[in-house]
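Undergrad: Dropping the structure in here first, questions after.
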Amino acid sequence: FRDHLGSALSGLDDEDALAELLVTQPTVFERLTDRMATLETITEFANDDPETVDQYLTVMWGGMGLVAEHISAVGDAVTVDTTVNWDATGESVAFHAATDPETGSISGGPSLDDDPEITFEGQTEVLFRMLGDDEFNGQLAFVQNRFDIVGPLERSRAFNDMMEAVGEEMEALV
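Dropping the structure here:
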């Protein structure tokens with residue numbers, strides 16, 4: 001998986017190519033997100049091949065954005081206007097997302113936003129599990145000090161609930 005991911009993602013940062021993949025191979029996006037979220041060696045992978053991880057984050061957030069833009073049920077699930085950063089403690093992994101309920105949009109990608117409302121800080125493994133591991137329990141992980149939240153706790157709960165709703169709508173498409 002690690003050896004082939006970079007070449008499999010090649011060209012998908014182009015919106016037309018990504019849209020074609022989402023239409024012709026709708027399960028690929030979900031399987032890729034699940035695989036990255038549960039990859040046992042994600043921290044090592046991110047340290048060894050940060051360009052591929054950045055490319056994956058570009059594809060993941062770009063795909064979510066396209067789905068939210070073109071599938072009204074997904075766009076309607078976007079109910080919180082916020083910007084969120086994920087910052088890996090002691091690692092080079094960092095990414096962000098922005099959501100806007102007025103337009104039903106989701107965007108994001110590698111790198112941190114300059115003015116986030118919420119920042120999740122933790123180990124790379126935990127941050128990636130947040131993105132797509134169906135077994136990840138964010139409340140339990142927070143109580144177990146597996147990650148920290150910088151910003152309003154209630155706002156992070158609202159964001160989490162919204163992203164769960166978005167995820168359910170996206171899963172219903174497959």
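In this text, residue positions in the sequence shown follow this note's numbering: the first is 1, and each later residue adds one. Built from N, CA and C at the ideal position, the CB exists for glycine as well.
Do the stretch 64 to 84 and the stretch 95 to 110 make contact, defined as three or more Cβ pairs closer than 8 Å?
TA: Output reads yes: the stretch 95 to 110 touches the stretch 64 to 84.
Undergrad: Taking the C-alpha atoms as reference points, what is the distance between Val53 and Phe45?
TA: Here the question's residue 53 lines up with position 53 in the sequence shown. Here the question's residue 45 lines up with position 45 in the sequence shown. The alpha-carbon atoms of Val53 and Phe45 are separated by roughly 8 Å.
Undergrad: State the CB to CB distance for the pair Asn145 and Thr119, rounded to an integer number of angstroms; the pair is presumed to be in contact (CB under 8 Å).
TA: Stepping through the sequence shown from its first residue, residue 145 is reached at position 145. Stepping through the sequence shown from its first residue, residue 119 is reached at position 119. Actually they do not touch by this definition, with Cβ atoms about 16 Å apart.
Undergrad: From what residue to what residue does the beta strand (DSSP E) around Pro26 run?
TA: Taking the sequence shown and counting its residues from 1, one reaches residue 26 at position 26. No beta strand (DSSP E) contains Pro26, which is instead part of the alpha helix (DSSP H) from 26 to 38.
Undergrad: Taking the alpha carbon of Thr89 as the point to measure from, which residue in Val150, Asp3, Met170 has its own alpha carbon closest?
TA: Numbered from 1 along the sequence shown, position 89 holds the residue referred to as residue 89. Minimum Cα distance to Thr89 is reached at Val150.
Undergrad: What's the gap between the Cα of Ser10 and the Cα of Gly109?
TA: The residue labelled residue 10 in the question sits at position 10 within the sequence shown. The residue labelled residue 109 in the question sits at position 109 within the sequence shown. Each residue's Cα considered, the two are about 16 Å apart.
Undergrad: Starting from Ile149, trace the alpha helix (DSSP H) in both directions and tell me its first and last residue.
TA: The sequence position of residue 149 within the sequence shown is 149, counting from 1. Taken as a continuous stretch (DSSP letters only), Ile149 belongs to no alpha helix (DSSP H), being part of the beta strand (DSSP E) at 147 to 150.
Undergrad: Assign Gln25 to one of two classes, buried (16 or more other C-beta atoms within 10 Å of its C-beta) or exposed (fewer than that).
TA: Taking the sequence shown and counting its residues from 1, one reaches residue 25 at position 25. It is exposed - the Cβ of Gln25 has fewer than 16 other Cβ atoms within 10 Å.
Undergrad: Is the CB-CB distance between Val78 and Pro101 below 8 Å?
TA: The residue labelled residue 78 in the question sits at position 78 within the sequence shown. The residue labelled residue 101 in the question sits at position 101 within the sequence shown. Closer than 8 Å, so yes.
Undergrad: State the Cα-Cα distance for the pair Glu168 and Val74, rounded to the nearest angstrom.
TA: To locate residue 168, count along the sequence shown from 1; it is residue 168. To locate residue 74, count along the sequence shown from 1; it is residue 74. Distance between the alpha carbons of Glu168 and Val74: 9 Å.
Undergrad: Tell me His96's beta-bridge partners as DSSP assigns them.
TA: Taking the sequence shown and counting its residues from 1, one reaches residue 96 at position 96. His96 pairs with Asn85, Gly109.
Undergrad: Under the assumption that Thr83 contacts Asp34 (Cβ atoms under 8 Å), give the Cβ distance between them as a whole number of angstroms.
TA: Indexing the sequence shown from 1 puts residue 83 at position 83. Indexing the sequence shown from 1 puts residue 34 at position 34. Contact flag wrong, Cβ pair sits at about 25 Å.
Undergrad: Taking DSSP as the reference, what is the three-state secondary structure of Gly11?
TA: The sequence position of residue 11 within the sequence shown is 11, counting from 1. Coil, per DSSP.
Undergrad: Consult DSSP for Phe120 and reduce its assignment to one of helix, strand or coil.
TA: In the sequence shown, the residue the question calls residue 120 occupies position 120. In this structure, Phe120 counts as strand in the three-state DSSP scheme.
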